[in-house]
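Written out below as structure tokens is the structure these notes cover.
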Amino acid sequence: MTKILAIESSCDETAAAVIEDGKKILSNVVATQIDVHKKFGGVIPEVASRIHVENISMVIAECMEKAGLGIEEMDAIAVTQGPGLIGSLHVGVQAAKTLAWAFNKPLVPVHHIAGHIYANRLIADLKFPLMALVVSGGHTELVYMKDEWSFEVIGTTQDDAIGEAFDKVGRILGLPYPGGVYIDKLSKEGKNIYKLPKPHPEKELDFSFSGLKSGVLQFIKRCERNNETFEPADLACSFQETAIACLLERAEKAMKQMQPKMIVLAGGVAANSCLRQRISELVNEKFPQIECIIPPLSCCTDNAAMIGVAGTIAYEHGVRGDASCTADPAFEL
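The numbering of the sequence shown is this note's numbering, which starts it at 901 and goes up by one.
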């Protein structure tokens, strides 16, 4: 039985988990900084890295205590190498390298997005070829996996990631951080009645959300100039529906082109209730032959369990890091 200690610190969550055989969570500890960064309306990188330094040892110790195991019983140490905030990543990587050296364990560097994709393995066995719709604060991608641990990015965002757009629009609407959570909640009280621009990038599988975000701001300014009122819940709903429609249009084209056996959601925006419902409806209606898997809410936001699951697969595929391994904020999938 393979046991992996996983460490995640790519942004503002200090996390550690112990995963057995790539599926069973023996412990999963997350120390979030959200209340600290909420007052700033977003993550402050320097503050995040300092808090990681304060939390990392305690989080790992609590993780091992909850698992009822010692680090000497681990088969390997997996860690998020990137992408992410350089200072935050550095804390996790240094901790993992130190433990790997001290206990003479293999070091397994993991791509953050691979972790989000493999979080779905906690729900069901993944079937290949597979399509992943990656939706997070820093990424919006369509990833095609012909086989296990094989990644091909076939669509990406040309500007803002969808999570970033949600947060910026939330700020425009005066909502707390993180905006995506509150837009999703507010949208349930509104209707999709305002027409907003739907960007069309040159490449048919690529995404763009900067124009949509700007469209919301221009709509509000136009209402102010004309002394017109608008309903925030309706605007939130209109924005969310337009953004999700852009995601689904590309996902539908990708499924037609690539004919995967399975499609999965991955990333923080996978927690969005409208997206979870809409993609299930799309697949059931138009692609009944494709299995649709949606990760548990607990594994949508950053956590170490997903890094442990992906780390197990990477370990089995011979992925290893050494003393030269370092944080890589531009780490390619």
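In this text, a Cβ means the ideal position worked out from N, Cα and C, and glycines have one as well.
Residue i in three-state terms, based on DSSP
{"i": "Met958", "result": "helix"}
{"i": "Val1219", "result": "coil"}
{"i": "Tyr1077", "result": "coil"}
{"i": "Ala1032", "result": "strand"}
{"i": "Lys1095", "result": "coil"}
{"i": "Phe1066", "result": "helix"}
{"i": "Ala1230", "result": "coil"}
{"i": "Leu1042", "result": "strand"}
{"i": "Lys1085", "result": "helix"}
{"i": "Ile904", "result": "strand"}
{"i": "Pro1009", "result": "strand"}
{"i": "Phe1051", "result": "coil"}
{"i": "Phe1130", "result": "coil"}
{"i": "Ala917", "result": "strand"}
Cβ shell of residue i (< 7 Å), same chain only, five flanking positions each side left out
{"i": "His1039", "result": "Ile1013, Ala1061, Gly1167"}
{"i": "Asn928", "result": "Ala917, Asn1203, Ala1204, Ala1205"}
{"i": "Arg1220", "result": "Pro1006, Leu1007, Val1008"}
{"i": "Lys966", "result": "Ser927, Val929"}
{"i": "Lys1091", "result": "Asp1134, Cys1137"}
{"i": "Cys1225", "result": "Gln981, Val993, Lys997, Leu1007, Pro1009"}
Limits of the alpha helix (DSSP H) - the one that residue i falls within
{"i": "His1012", "result": "1012 to 1018"}
{"i": "Leu1117", "result": "1110 to 1125"}
{"i": "Lys997", "result": "986 to 1002"}
Cut-off 8 Å between Cβ atoms - residues of its own chain near residue i, not counting five sequence neighbours on either side
{"i": "Glu1052", "result": "Val1043, Tyr1044, Met1045, Lys1046"}
{"i": "Gly1070", "result": "Pro1076, Tyr1077, Pro1078, Gly1079, Gly1080, Tyr1082, Ile1083"}
{"i": "Ile1023", "result": "Ile1193, Ile1194, Pro1195, Pro1196"}
Buried or exposed (CB count within 10 angstroms, at least 16 for buried), residue i
{"i": "Arg1125", "result": "exposed"}
{"i": "Ser1138", "result": "buried"}
{"i": "Glu1181", "result": "exposed"}
{"i": "Gly1218", "result": "exposed"}
{"i": "Phe1099", "result": "For the record, residue 1099 in the displayed sequence is Pro; it is not Phe. Classification of Pro1099: buried, given that the 10 Å Cβ count is 16 or more."}
{"i": "Gly968", "result": "exposed"}
{"i": "Gln1177", "result": "exposed"}
{"i": "Glu940", "result": "Reading the sequence as shown, one finds Phe at residue 940 and not Glu. Result: exposed."}
{"i": "Asp1222", "result": "exposed"}
{"i": "Lys1068", "result": "buried"}
{"i": "Gly970", "result": "exposed"}
{"i": "Ala1230", "result": "exposed"}
{"i": "Asp935", "result": "exposed"}
Contacts around residue i, its chain only, beta-carbon distance under 6 Å, and the 5 residues preceding and following it disregarded
{"i": "Thr914", "result": "Ala931, His952, Asn955, Ile956, Val959"}
{"i": "Leu1175", "result": "Ile1144"}
{"i": "Thr1057", "result": "Thr1040, Phe1107"}
{"i": "Phe1187", "result": "Met1155"}
Range covered by the beta strand (DSSP E) that runs through residue i
{"i": "Glu1102", "result": "No beta strand (DSSP E) contains Glu1102, which DSSP labels as neither H nor E."}
{"i": "Thr1057", "result": "Unbroken run through Thr1057: none, as it is neither H nor E."}
CB contact check: residue i to chain C, cutoff 8 Å
{"i": "Leu905", "result": "Protein chains in the displayed structure number just one, and chain C is not present."}
Exercise. What residue ranges within the region 1142 to 1213 form continuous beta strand (DSSP E) runs of no fewer than 3 residues, ordered along the chain?
Worked result: DSSP runs (the beta strand (DSSP E)) wholly in the region 1142 to 1213: 1162 to 1166, 1191 to 1193.
Whole alpha helix (DSSP H) runs in the region 920 to 978 with 4 or more residues, listed along the chain? The region 920 to 978 contains these whole alpha helix (DSSP H) runs: 934 to 938, 945 to 967.
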